[in-house]
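>
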Amino acid sequence: MPELAEVFWYAKQWDAGQGRRIRAVDLHPRKRVFRGCDTSALHDALLGTSLKKAHTHGKQMLFEFTGSHWLAVHLGMTGSLETKREPFEPGKHDHLVLHTREAALVFEDPRQFGAIRYYHDKGFPDFWKKLPPQPTDKAFTAVLVAKTLNRHARVPLKALLLDQRYFPGIGNWMADEILWQAKLPPHLLSGDATGKQARDVWRLTQKISAASLRIIGKDWSDPPKSWLMLHRWEDGGKCPRCGTLLKRETVRGRTACWCPKCQK
DNA sequence: CATCATGTTATAAT
DNA sequence: CATTATAACATGAT
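When we follow numbering that gives the first Met the number 0, the leftmost residue of the first sequence carries the number 0, and every step to the right adds one.
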């Protein structure tokens, strides 16, 4: 479920544990979410530390702990973070629990497409420093977006918007929203977009990212009904702009939803 | 029982 | 090598 703003919201859910000493770490080393992670190092390292600060970048989260310990979390499709009152007993899909005196910081993920990694570094881990500019950054420029569209000229716009190397944080509903507001069909090949259309994609990527952080990221409020977002999964959902029945079809392996009348 | 799911990545194919 | 297509991952909802 989580895209840019949802990830931002989830990251804040652990704030209740800030500055609280971690007294126990519960994890299941063989779970898929720990692939490539040294779980015993993670376990031993976090004991006795406390959470200093949560960072997010696109769909990536990074939790900074005292003693130069870092926990990178990706929520995949079904991951979530929550804080529970102690004493807390982990459930079936609670793969990592950081226990403090009052609050348990819980990572839950039924499908386990999410991932957890551990780093011990003086500053931000290398992978974090190399992440591409976010849509809300100054460095996310119209020129950069235009170049990306040209470089991947044969990729449908919808698929390109989902590419985290260029549009970090954009997921399925945001990509559909951007294309709907830009009045561009999801199948349009990136290289076939005009200069103005590329600029619209750039502008709306920024606008929708910023607005969803303000609205969903703040307290998980609904975006305006004038957006496509609230209509795209309803059966028989209609375009909020013209009332036409919305269409759904697979584009590059993911479901796209669009208005066949507005988006041409 | 079959299909689908707001994500990523390894591997195959071009 | 660069780019693109497909399958796979693990589980729950419909």
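Note that the Cβ used here is the ideal one computed from N, Cα and C, for glycine as well.
Everything numeric in this text was worked out from a predicted model, so none of it was measured.
#1: Which stretch, first to last residue, makes up the alpha helix (DSSP H) that contains residue 144?
#2: Have a look at the DSSP bridge pairing and note the partners of residue 62.
#3: Assess contact between the segment 22–29 and the segment 52–61, defined as three or more Cβ pairs (one per stretch) separated by less than 8 Å. Is contact present?
#4: Skipping 5 residues on each side, what residues in its chain have a beta carbon closer than 8 Å to that of residue 261?
#5: Which of the three DSSP states is assigned to residue 225 in this structure?
#6: I need the boundaries of the alpha helix (DSSP H) containing residue 213, first residue and last residue.
#7: Run through DSSP, which three-state label would residue 163 get?
#8: Suppose the cutoff is 7 Å on Cβ atoms and the five residues either side in sequence are ignored; what does the same chain contact list for residue 119 look like?
#9: Answer yes if the segment 2–12 comes into contact with the segment 215–232, meaning at least three C-beta pairs across the two stretches below 8 Å, and no otherwise.
#10: I'd like to know if the segment 149–162 and the segment 76–90 are in contact, where contact means that at least 3 CB-CB pairs between them fall below 8 Å.
#11: Can you tell me whether residue 199 is buried or exposed, with buried defined as 16 or more other CB within 10 angstroms of its CB?
#12: When DSSP labels each residue in this structure, what does residue 106 get in the three-state scheme?
#13: So which of 89, 142, 98, 73 has the shortest CA-CA distance to residue 48?
#14: For residue 235, count neighbouring C-beta atoms within 10 Å of its own C-beta (all shown protein chains included) and say buried if the count is 16 or more, exposed if not.
#15: By the three-class DSSP mapping on this structure, what secondary structure does residue 244 have?
#16: Quick check on DSSP: helix, strand or coil for residue 187?
#17: Taking the DSSP output, what are the residues bridged to residue 294?
#18: Does the segment 199–209 come within contact of the segment 130–148, defined as at least 3 CB pairs closer than 8 Å?
#19: Do residue 159 and residue 148 come within 8 Å of each other at the CB atom, strictly closer than that value?
#20: So which of 110, 86, 204 has the shortest CA-CA distance to residue 133?
#21: Based on Cα-Cα distance, which residue from 259, 211, 225, 250 lies nearest to residue 135?
#22: Report yes if the C-beta distance between residue 168 and residue 208 is below 8 Å; otherwise report no.
#23: By Cβ distance below 8 Å, which residues in the same chain neighbour residue 124 in space, the five residues on each side in sequence not counted?
#24: Given a threshold of 16 other Cβ atoms within 10 Å of its Cβ, counted over all protein chains shown, does residue 185 qualify as buried or as exposed?
From the atom records:
#1: Under the DSSP assignment, residue 144 falls in the alpha helix (DSSP H) whose first and last residues are 141–150.
#2: DSSP lists 53, 70 as the beta-bridge partner residues of residue 62.
#3: The segment 22–29 is not in contact with the segment 52–61.
#4: Excluding positions up to five away in sequence, the list reads 179, 182, 238, 240, 241, 243.
#5: Correct three-state label for residue 225: coil.
#6: The continuous alpha helix (DSSP H) containing residue 213 extends over residues 194–218.
#7: In the structure shown, residue 163 sits in coil (DSSP, three-state: anything other than H, G, I, E or B).
#8: Counting only Cβ-Cβ distances below 7 Å, and skipping sequence neighbours, we find 44, 67, 68.
#9: Between the segment 215–232 and the segment 2–12, the count of C-beta pairs closer than 8 Å reaches three or more; the two stretches touch.
#10: A contact is defined here as three or more CB-CB pairs under 8 Å, and the segment 149–162 fails this definition with respect to the segment 76–90.
#11: With 16 or more Cβ atoms within 10 Å of its Cβ, residue 199 is classed as buried.
#12: Residue state, collapsed to three classes: strand.
#13: Looking from the CA of residue 48, the closest CA among 89, 142, 98, 73 belongs to 98.
#14: It is exposed - the Cβ of residue 235 has fewer than 16 other Cβ atoms within 10 Å.
#15: Three-state result, residue 244: strand.
#16: Looking at residue 187 - three-state DSSP - the assignment turns out to be coil, as it is neither helix nor strand.
#17: In this structure the chain extends from 0 to 263, so residue 294 is not present and cannot be described.
#18: Result yes; three or more Cβ-Cβ pairs closer than 8 Å.
#19: It is a contact, given that the beta carbons lie within the stated cut-off.
#20: In this structure, 204 is the residue among 110, 86, 204 with its C-alpha nearest to the C-alpha of residue 133.
#21: Here the closest residue by C-alpha is 211.
#22: Closer than 8 Å, so yes.
#23: Short of 8 Å from the beta carbon of residue 124, and not among the five residues preceding or following it, lie these beta carbons of its own chain, in chain order: 61, 69, 71, 118.
#24: Around the CB of residue 185, 16 or more other CB atoms lie within 10 Å, so the residue is classed as buried.
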